[in-house]
Every structure is written in C-alpha cells, then in structure tokens.
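Notes follow the structure.
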Amino acid sequence: MLLAAVALAATATPDLAPIMPLASRSLLLDITQAGERLVVAGERGHILYSDDNGAQWRQAAVPTTQMLTGVYFVDDRRGWAAGHDGLVLASEDGGATWRIQRDGLAAQHQRNLELREEALDSIQSLQSALDNATDDQREDLQIALEDARFDLEDADIALSEPVFTSPLMGIWFQDANHGWAIGAFGTLITTRDGGRHWTDAAGALENPDEFHLNTITGDGKGRVFIAGEGGVMFRSLDRGESWQALPTIYEGSWFGAVYHARSDALLVFGLRGHLYRSTDFGATWSPVEHDSQVSLAGGTASTTGDIVLGGAVGTYLTSYDGGLNFTRKALRDRLSLASGLHLNERLILIGQGGVKVLPEGR
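The numbering used here numbers the first residue of the sequence shown as 523 and each following residue consecutively.
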C-alpha cells in the first residue's frame, strides 16, 4: 500500500540523486506549486518540476537519495522539502536545484552529545548536593542521582550505536521565515529564519503517546494545523507560539489536511475515507459525505481553489465548492495515489507509478 512507502526506516547517504530518465514514473509523495511551476517529490531523492502544466518534467539537482515525503513553496522561488532521516532541503530557484539545510542525523548526534553533557552536569551537581545534604534530603537526592546515572548510561549507549532519527512526514511554511516540519514519534521542529536554524518544538504539543504526526497546513496568517496517528489534531492561532490539542472526532489516523482559502475551510482526511470539514479552523467539524471508504493519503487546494485528494487503489476525489461536495473517480490501473492538483483544466495526480496528467471535465 502506498501509505507504507513512508515507512520509518531509511539508509543515510550523502549521494546526489542520479538523473533518471524514468524518474517521473517513480513513487512520488507530494506535489505543490512554485508560482505557475509544478514541483513533485518522492523516493530516492527525486524532485521534478514542470513549466507546461505537467506535459514535460525535468529532474532537479538534489543532494540526497533519501525518500522525500513533503515539499512546499512560499512563492515562485523559495521552497523546502522534507524526508527520511530528519532531512530538510531548500531551494531558491523554483525547485531546479536544492541544498541540504538540515541534516537530521548530524542534528541527532549533536543532541546525543548534549544529553550526555547534561547527564554529567546533573551527576556532578547532585553529588555535591549530597555531600552537604541533611538526612531528610538524602533519599530524594539519591533517587535523582540514580536517575541521572541512568540518563548517562542511555546517552553512552546512543553514542555507541548508529545514529537514528525520526523521518519527517511533512513540511509547511507560513512565510519565507516561519516554518514547521512534522514526523514520526511526535516530531515537530520549527524555524524562524527560513530554515537556517531548526529547533525542537515537540514539547509544545500535548502528545504523551508520541503519536506520529502526518500532515501540516495553515492559512498563512498565523493559524497552523497538525494531525496524525490516533486521531490527534493540534492547532496554533498565534504563529506557533502556543498549541492547543483539539477534541478527537475519529480515533483512526489522519494522513492529510488541506486549507481552502476562498471559503476559509479546513479539511482533514485519512483512514477508510474519513473526511471532515471545519469553518472555524478546527474548533468544530462536520463530516463530508462521499461514496468511498478507501484511505485518503494527501491532497491540495490549487491557487484557483479547486481541491484534489488522492487515495488508495487509484481513487481520487475532486471538489469545486470549497470541500462541501466531492466527486469520486478511480484510475483503471488501481495504483494508489498520494496527492493531486488541479491546474488549467488538468488533473495532475501523483503516487505509485509517478505522475499522471488527465484532462478534467467537471
């Protein structure tokens, strides 16, 4: 199944993604617009772009062969992509060339070193406190010291083993400076300087079970929405300064979310075709009826406002009224779709088998 393609294991490599004549037929997981240009991303570090509504595709120069799960542009020049091993790429030329902006493995190794130093500092501080403690204080300090020694042991183990970090599942930017990337095991990282520096923000979410975070979107005016495994949903109304956990309306996984600017509507969708719509940015939700129960993986609202959702066994849904109503269709090859986009009377669908361009009759 296509959704398994964003599995949690991947092998690190600094290699340049090779130029492949059939890259447009490889597994692709996300699609976006950079102005009038189409940009798609997927397996083996493949990023492709088209300037003629999807008729012809060029493969971008990308410094990785990692699986790329998300791509987003704030304008016709500046964009970011995210993928396995906590990788973030950046482009400043509309997606033609890319550079590594965040090496997730290196960031995790640095964090492991910091955790070891923190454990050593705690041990030293607690040992000093014990030397001067009263009898009433000693028991609590000894427990804390034992915990700190366990932390040091864990840090040493982490440093002795191959570095692991969670894959990123999606990326979204509010503007050229403020952005977020989400991923497995509750991963949330954020930047305020266009990706030059990324910080861990997972602690701001009420996600004690560390459910995977699969999708992120927003309105570009300060509101941001995240959803994922186990029906978890979070929103920020203040540019990510604070986050609110939203009531669970479905306990299955959410795989995608789309914000429709023209109607100020938010859509969230996922397992077994569950699809909901909100006009108050997640405070309340209404189910959207459609005649399909296949899982929906991802989607977009184009600059013209048309919505396309892609799903399992070649299923795709289209809406031209802000997500109030959807029409279901399916590809004959039944290959699963990851997303889609409507542009200039064409449907550009991506997923297993790469890019598929269809004329769209409403």
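We put the beta carbon where it would ideally sit given N, CA and C, even for glycine. Computed from a prediction, not measured in an experiment: that's the story for all the values here.
Please state the DSSP three-state secondary structure of residue i.
i	result
G873	strand
R624	strand
T535	The predicted position of T535 is uncertain, since its pLDDT is 43 and thus under 50; a value taken from the coordinates is nonetheless stated next. In this structure, T535 counts as coil in the three-state DSSP scheme.
F695	strand
R854	coil
G716	coil
H631	helix
H734	coil
G701	strand
I541	coil
A641	helix
G862	strand
L831	strand
S647	helix
S682	helix
A603	strand
A666	helix
Buried or exposed for residue i, please, with buried defined as at least 16 other CB atoms from any protein chain shown within 10 angstroms of its CB.
i	result
H782	buried
T586	buried
Q588	buried
G873	buried
N654	exposed
E683	exposed
D658	exposed
E728	exposed
H719	exposed
D715	exposed
K878	buried
T709	buried
T837	buried
Confirm, please, whether the CB-CB distance from residue j to residue i is below 7 angstroms.
i	j	result
A583	T554	no
D722	I704	no
Q630	T687	yes
L544	G564	no
A860	A819	yes
A698	V596	yes
T849	T840	yes
T713	G725	no
A666	L690	no
V780	A823	yes
A651	L635	no
Within 7 angstroms (strictly less), CB to CB, does residue i reach chain D?
i	result
A539	In the structure shown, chain D cannot be found, because there is only a single protein chain.
Which runs of the beta strand (DSSP E) fall wholly inside the stretch 738-824 and span at least 3 residues, in chain order?
Counting only runs of 3 or more, we get 746-750, 755-758, 776-782, 787-792, 797-800 and 818-823.
Is it the case that the stretch 574-583 contacts the stretch 659-676, given that we only count it when at least three CB pairs across the two stretches are under 8 angstroms?
Here the stretch 659-676 makes no contact with the stretch 574-583; the two share fewer than three CB pairs at distances below 8 angstroms.
Does the count of Cβ pairs from the stretch 540-547 and the stretch 852-870 closer than 8 angstroms reach three?
These segments do not touch.
Segments of 3+ residues assigned as beta strand (DSSP E) that fall wholly inside the stretch 545-601
Assignment of beta strand (DSSP E) within the stretch 545-601, counting only whole runs of 3 or more residues, yields 550-556, 559-564, 569-572 and 590-595 in chain order.
Taking 8 angstroms as the cut-off, does the stretch 800-813 touch the stretch 755-767 (at least 3 CB pairs, one atom from each stretch)?
Verdict: yes, contact present.
Per the contact definition of three or more C-beta pairs closer than 8 angstroms, is the stretch 745-761 in contact with the stretch 717-736?
Contact check between the stretch 717-736 and the stretch 745-761: three or more CB pairs, one atom from each, fall below 8 angstroms, which counts as touching.
Contact between the stretch 605-616 and the stretch 633-645 (3+ Cβ pairs under 8 angstroms):
The stretch 605-616 makes no contact with the stretch 633-645: fewer than 3 CB pairs, one atom from each, lie closer than 8 angstroms.
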